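**Student:** Structure in structure tokens, see below.
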Amino acid sequence: MKKRHPDNKLNDLTGDRWIYLTQSVMKTNYPKSYGFSLRQRHGANKPPELMKELISFFTKKGATILDPFAGVGGTLLGASLCSRKALGIELNPQWISIYKKVCQNEIIQEKKIVKGDCLEVMDKLISSRRKFSLILTDPPYNINIDRTMCRGDYPNKRNRHTDYKEFSKYAQDFSNCKTYEHYLDTITLFIEKSYKLLYKDKYLIIMTKNAYQKGRYILVNQDIAKIAQSRGFTLKGEIIWYQNGIRLRPYGYPFSYVPNIIHHNILILRKEVSNGTNK
Numbered sequence: 500m501k502k503r504h505p506d507n508k509l510n511d512l513t514g515d516r517w518i519y520l521t522q523s524v525m526k527t528n529y530p531k532s533y534g535f536s537l538r539q540r541h542g543a544n545k546p547p548e549l550m551k552e553l554i555s556f557f558t559k560k561g562a563t564i565l566d567p568f569a570g571v572g573g574t575l576l577g578a579s580l581c582s583r584k585a586l587g588i589e590l591n592p593q594w595i596s597i598y599k600k601v602c603q604n605e606i607i608q609e610k611k612i613v614k615g616d617c618l619e620v621m622d623k624l625i626s627s628r629r630k631f632s633l634i635l636t637d638p639p640y641n642i643n644i645d646r647t648m649c650r651g652d653y654p655n656k657r658n659r660h661t662d663y664k665e666f667s668k669y670a671q672d673f674s675n676c677k678t679y680e681h682y683l684d685t686i687t688l689f690i691e692k693s694y695k696l697l698y699k700d701k702y703l704i705i706m707t708k709n710a711y712q713k714g715r716y717i718l719v720n721q722d723i724a725k726i727a728q729s730r731g732f733t734l735k736g737e738i739i740w741y742q743n744g745i746r747l748r749p750y751g752y753p754f755s756y757v758p759n760i761i762h763h764n765i766l767i768l769r770k771e772v773s774n775g776t777n778k
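Numbering-wise, the sequence shown is residues 500 to 778 according to the numbering used here.
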């Protein structure tokens, strides 16, 4: 198991590393590296080391990755760490600027990142017949709503301190959809375009997070998985990712149970050939 199997067409991993990375739960505690002091301005930034692990499992060296919600470049940096090509799409120029600054400071060659609405850019990629070996992305988890999970008068206010605001001015921002149903409709468009941009038998990996809104728990991961399967993808699994150090907040206290949602749901979806018709 210490060598790569000759029939392994998915990645460049040895057998023991392959098996290790098939765990359905990942608990990580990565160092604050690769420009973290800059990247943390985006409160939903993802560790490049985590993205490297995912990319390493689902592609071979030299493969090209697409991230339609590039943010401050977690996926792009992860691709650089494991010798993959990558293309990012990002709506907000502030995040693009931070990604480029991180590359400059860390002496990492920039991957191409396109500013714009991901749905429009993906349409252009489809028209130009581009294909990718992996789409790995972290879209907005839900719509933006007013804070409802706490009264805001608890004594330890330090765990609320952050410079990050999820709200943006862009109408194309998925989190600015008016309703959760509208959000799912927009995610559906993204999934349909992703299917067209993938080579056959390749993977779409979506990082999601369930939500507690207006007094109810919403299985966002389940809703997105159902949509993806209705659009031709096969759900191959889910990784529960927990990052050490997440701050706990007294939601609901002392009246009712409201969860601290500290885990992410990473959906593993595959574009599988059906009756030889999918390309």
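Note that the Cβ used here is the ideal one computed from N, Cα and C, for glycine as well.
On a predicted model such as this, the values are computed, not experimentally measured, just so you know.
Go ahead and label Ile606 buried or exposed: buried means 16 or more other beta carbons lie within 10 angstroms of its beta carbon, across all protein chains shown.
**Tutor:** The residue in question, Ile606, is exposed, as its Cβ has fewer than 16 Cβ neighbours within 10 Å.
**Student:** When DSSP builds the beta bridges, which residues end up paired with Arg715?
**Tutor:** Looking at the DSSP assignment, Arg715 forms a beta bridge with Gln712.
**Student:** Closest by CA to Tyr741, which one among Leu697, Lys545, Leu624?
**Tutor:** The residue with the shortest Cα to Cα distance from Tyr741 is Lys545.
**Student:** Would you be able to state if there are at least three C-beta pairs under 8 Å between the stretch 629-636 and the stretch 550-558?
**Tutor:** The stretch 550-558, when compared against the stretch 629-636, does touch it at the 8 Å Cβ threshold.
**Student:** Ends of the beta strand (DSSP E) at Lys692?
**Tutor:** Unbroken run through Lys692 is the alpha helix (DSSP H), 679-696; no beta strand (DSSP E).
**Student:** Where Pro654 and Leu512 are concerned, what is the direct C-alpha to C-alpha distance, given to the nearest angstrom?
**Tutor:** With a pLDDT of only 44 at Pro654, under 50, the local geometry of the prediction cannot be trusted, and no value is derived from it.
**Student:** Which class does Val620 belong to by DSSP, given the choice of helix, strand or coil?
**Tutor:** Note: Val620 maps to helix in three-state DSSP.
**Student:** Where does Lys551 fall in DSSP's three states?
**Tutor:** Helix at Lys551.
**Student:** Taking 7 Å as the limit between beta carbons, can you name the residues of its chain near Ile726, skipping five residues before and five after?
**Tutor:** Around Ile726: Leu683, Ile686, Thr687, Ile690.
**Student:** Express the C-alpha separation of Ala562 and Leu593 in angstroms, rounding to a whole number.
**Tutor:** A small fix is needed here, since residue 593 is Gln in this sequence, not Leu. If I take the Cα positions, the gap works out to 28 Å.
**Student:** Figure out for me which residue from Pro505, Tyr519, Leu549 has the closest Cα to the Cα of Ile704.
**Tutor:** Ile704 has its Cα closest to that of Leu549, out of Pro505, Tyr519, Leu549.
**Student:** Span of the alpha helix (DSSP H) holding Lys599?
**Tutor:** Element bounds for Lys599: 592-605.
**Student:** Just tell me which of Val524, Ala578, Ala670 has its CA closest to the CA of Ile564.
**Tutor:** Closest by alpha carbon: Ala578.
**Student:** Starting from the C-beta of Cys602, find all residues in its chain whose C-beta is less than 6 Å away, skip the five residues before and the five after it, and write them out in chain order.
**Tutor:** Contacts found: Glu609.
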